[in-house]
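The numbering used here applies: residue 26 is where the sequence shown begins, and numbers increase by one. Everything on this sheet refers to the single structure shown next.
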Amino acid sequence: ERKRQGYIHELIVTEENYVNDLQLVTEIFQKPLMESELLTEKEVAMIFVNWKELIMCNIKLLKALRVRKKMSGEKMPVKMIGDILTAQLPHMQPYIRFCSCQLNGAALIQQKTDEVPEFKEFVKRLAMDPRCKGMPLSSFLLKP
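Printed below as a string of structure tokens:
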């Protein structure tokens, strides 16, 4: 039971980190790229597809997990989370769309990096934000 509780705790912590990373991408990369005029609106949409939807479905999952943990009490074990995962699974549809467009977005980033020095430099500078922990935009886009 102790191991099981450890896994549940790890799931919640991992989900928190993942949601933070998703939100970081919006703040550090998506918004500045949109404002930079280095990419068209269509190109930004091609890279980030439905990023906001990914954030929303993972926030819902995280909230449900946190509520369950809170309902169990501070010192009490979490009895069950399978029902939460089962209930949230149908809401993960945005991943199908994002993943089906992922290669096109990656190809566009590569093309712009190769052909537009200002883009390459701009994205590199954005990735220098300490919250990125040295990871480039392309690494964050692989997370989903």
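All C-beta atoms in this analysis are idealised placements derived from N, C-alpha and C, irrespective of residue type, glycine included. These figures come from a predicted structure and were not determined experimentally.
{"Asked": "What's the call for Ile33, buried or exposed, on a 16-neighbour Cβ count within 10 Å?", "Found": "buried"}
{"Asked": "Any chance the segment 68-81 sits against the segment 107-122, with 3 or more Cβ pairs inside 8 Å?", "Found": "yes"}
{"Asked": "Taking the alpha carbon of Ala112 as the reference point, which residue from Gly98, Leu86, Lys137 has its own alpha carbon closest?", "Found": "Leu86"}
{"Asked": "What did DSSP end up calling Ile106 once you bin it into helix, strand or coil?", "Found": "coil"}
{"Asked": "Helix or strand or just coil, what does DSSP make of Glu62?", "Found": "coil"}
{"Asked": "I need the DSSP call for Asp139, collapsed to helix, strand or coil.", "Found": "helix"}
{"Asked": "Less than 8 Å separating the beta-carbons of Leu49 and Arg150?", "Found": "no"}
{"Asked": "Taking 8 Å as the cut-off, decide whether the C-beta atoms of Ile72 and Val44 are in contact.", "Found": "no"}
{"Asked": "Count the other C-beta atoms from every protein chain shown that fall within 10 angstroms of the C-beta of Gly130, then say buried if there are 16 or more, exposed otherwise.", "Found": "buried"}
{"Asked": "Take the Cβ of Lys137 as the centre, count every other Cβ of all protein chains shown within 10 Å, and call the residue buried at 16 or more, exposed below.", "Found": "buried"}
{"Asked": "For Asp139, does the count of other Cβ atoms within 10 angstroms reach 16, so buried, or fall short, so exposed?", "Found": "exposed"}
{"Asked": "By the DSSP assignment, the alpha helix (DSSP H) with Asp46 in it spans what residues?", "Found": "27-50"}
{"Asked": "On a Cα-Cα basis, can you pick out the residue from Gly159, Lys158, Leu166 that is closest to Ala132?", "Found": "Leu166"}
{"Asked": "Identify whether Gln55 lies in helix, strand or coil by the three-state DSSP scheme.", "Found": "helix"}
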